[in-house]
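A.B. asks: This is the structure I want to talk about, given as structure tokens.
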Amino acid sequence: MEAVQGKAHDHMQSTTTTTNKHTATDWASYLFRNGYLTPGLFGPLNTLNNIFHNYLLPTLQSLLEKPDLTKIALMLVILYISLKLVNMLVQSVLFWVRLAFRITFWGGLVVLAFWLSQRGVDGAAEDVGYWIRMWKGELQHYKSQAEQIAYEHSHGYGGRHGYGGGYKPAASKKQWPL
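Counted the way the working numbering counts, the sequence shown spans residues 21 to 198.
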């Protein structure tokens with residue numbers, strides 16, 4: 021009985037594999053027969069295959085036969101790729117710089133509009149006048165300090181006020197033990 025069942029099982033397996041082969045073949049023929057797969061879908065692949073075999077393959081073979089040309093070609097490819105990467109880096113940095121300037125410009129306009137809406141034109145003019153007077157005073161203060169320092173240095177005074185003041189002799193020429 022087991023022998024009969026074993027033969028029946030082997031026959032079932034061979035039938036299913038035959039059926040699977042026919043099914044796969046039937047599906048492929050069904051797709052081609054009913055127009056789901058057309059030669060037009062494979063045309064671009066065929067064109068790329070022809071280009072590869074007619075142009076690229078002979079070029080690669082000639083490069084492999086002459087190692088000097090291969091090295092030069094490889095260096096050119098590496099140079100081209102590195103220049104493209106540097107170009108991408110420059111473009112990304114320029115993008116962020118432009119973005120920062122645009123945000124600053126438009127943000128400044130928004131702040132200016134908000135300031136004008138809160139203070140009004142007359143109040144904004146008063147604020148600007150106040151800041152101009154304040155900065156002119158600071159400028160005069162720094163100019164007077166610069167003139168005082170220039171005067172002290174031109175008359176031989178080495179120090180500033182608050183640091184001991186007065187005349188400080190220059191250090192001796194021999195500072196190093198050698």
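Note that the Cβ used here is the ideal one computed from N, Cα and C, for glycine as well.
Which same chain residues end up closer than 7 Å to LEU128 when comparing Cβ atoms and leaving out the 5 residues on each side of it in sequence?
C.D. replies: First, the residue type needs correcting, since residue 128 is Gly and not Leu in the sequence shown. Hits under 7 Å: none found.
A.B. asks: Nearest-angstrom Cα distance between TRP135 and THR124?
C.D. replies: 16 Å
A.B. asks: Whole angstroms are fine: how far does the CA of LYS156 sit from the CA of ARG139?
C.D. replies: 23 Å
A.B. asks: What are the start and end residues of the alpha helix (DSSP H) that includes LYS6?
C.D. replies: Residue 6 cannot be examined here, being either before or after the span of the chain that is shown, 21 to 198.
A.B. asks: By how many angstroms is the C-alpha of TYR171 removed from the C-alpha of SER164?
C.D. replies: 10 Å
A.B. asks: How close, in whole Å, do the beta carbons of LEU99 and THR90 come, if the pair is a contact with beta carbons under 8 Å?
C.D. replies: Rounded, the Cβ-Cβ distance is 15 Å, inconsistent with contact.
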